[in-house]
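Engineer:
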Amino acid sequence: MASVDQFDSALDLLRRLDPKHTSTHLNSLIDLVPDLTEDLLSSVDQPLSTRWCSKTKRDYLVCDYNRDGDSYRSPWSGEFEPALEQSSEGGVDEGAGAGAVPSDRVRKMEIRANEAFDVYRELYYEGGLSSVYFWNLDDGFAGVVLLKKGSPQNSGSEGSWDSIHVFEAIDRARTAHYKLTSTVILHLSTGTDALGDMDLSGNMTRQIEADLTVDDDGSHISNIGKLVEDMELKMRNLLQEVYFGKAKDVVGDLRSVQSLAEANKEKNAHREMIDSMKR
């Protein structure tokens, strides 16, 4: 019972701390309570980090879904780095979850998905990095689509966008049932002499389910791509219209780039104009 209370308390604490430093806070909690390491890593979304595939000479994104201990599986080579120790049976067991090695069929779909989302990333983000990982389920397969884009630090401004799309695809007769859970982690900060420092950080999670037609394995890639594209569009619009719009209104009411003397001068001129119209 104590471990359950510790886990709930850790999640509650992370929700109240600055989301900009989630990774630092998470590592501190893991140091305090090592027994919660696996539970926290699998439950807390944190900004994506990057590794380099020594076999294909390409960068890739890492998260808990392609991790096994201290090793991460590259989507380009399909191999773990550092290499995993072989089991007594001479291989790594297949299954669902972190560290799983997909079957040949699912691996082929994973390769096609990485190629498709690499094009999507270039078209929509004009840069950044993408990685896709699949694993087997008893009645289908599951996977995660990772996208990351950061802005260079210049003129005191910086920002990063991390989107994590976890899905399940359950095979049915000529259709598949998809369940998609998407999380966006956004960080924006700027600082100028005129405006001072401003920091916007946070995350948003949304979930949808859909039944779509499937003709072959290629249909899965198209369906997943459509679901992810639609979800990202909705979440971007929501961030822009609701969250950014509200932040702009609040900041505009609280702060002004005009000096107090200039603001009073404009008010007096406006008042004189109104008075002259009443005469």
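Taken in order, the sequence shown gives residues 118 to 396; the numbers are from the numbering used here.
For every residue, glycine included, the Cβ atom is placed at its ideal position computed from N, Cα and C.
Computed from a predicted structure; not experimentally measured.
#1: Only counting the same chain, and skipping five residues up and downstream in sequence, which positions put a Cβ closer than 8 angstroms to that of V150?
#2: If you run the structure through DSSP and keep just helix, strand and coil, what is G313?
#3: With three or more C-beta pairs closer than 8 angstroms as the rule, is the segment 220 to 227 touching the segment 235 to 255?
#4: Three Cβ pairs or more, each shorter than 8 angstroms: is that satisfied between the segment 167 to 184 and the segment 132 to 152?
#5: Taking only the alpha-carbon atoms, compute the straight-line gap between N381 and D310 and give it to the nearest angstrom.
#6: Are S280 and E349 touching if we call contact CB-CB under 8 angstroms?
#7: In angstroms with no decimal places, state the Cα-to-Cα distance between I391 and E383.
#8: Return helix, strand or coil for D334, following the three-state DSSP convention.
#9: Report, in whole angstroms, the separation of the C-beta atoms of S248 and Y177, which I expect to be a contact under 8 angstroms.
#10: What are the boundary residues of the alpha helix (DSSP H) that T141 is part of?
#11: Throw me the rounded Cβ distance for the S318 and K137 pair, which I believe falls under 8 angstroms.
#12: What number of angstroms, rounded off, separates the C-alpha of G260 from the C-alpha of N320?
#13: What is the DSSP secondary structure of A290, reduced to helix, strand or coil?
#14: Since F251 sits in a beta bridge, which residues does DSSP pair it with?
#15: So is A293 buried or exposed if we call it buried at 16+ other beta carbons inside 10 Å?
#16: Here's the rule I'm using: 16 or more other beta-carbon atoms within 10 Å means buried, otherwise exposed. How should Q163 be labelled?
#17: Beta-carbon within less than 7 angstroms of F398's beta-carbon, same chain only, minus the 5 sequence neighbours each way: which residues are those?
#18: Helix, strand or coil, according to DSSP, for L128 in the structure here?
#19: Have a look at D366 and K266 and give me their C-alpha separation to the nearest angstrom.
#20: Can you check DSSP and say which residues form a bridge with E227?
#21: Taking A233 and G342 to be in contact with their CB atoms under 8 angstroms, please state how far apart those CB atoms are, rounded to whole angstroms.
Structural biologist: Let's see:
#1: Q123, A127
#2: strand
#3: yes
#4: no
#5: 22 angstroms
#6: yes
#7: 12 angstroms
#8: helix
#9: 5 angstroms
#10: 139 to 149
#11: 4 angstroms
#12: 21 angstroms
#13: coil
#14: G260
#15: buried
#16: buried
#17: Examination of residue 398 is not possible in this model, given that the chain is present from 118 through 396 alone.
#18: helix
#19: 27 angstroms
#20: Paired residues: none, contrary to the question.
#21: 6 angstroms
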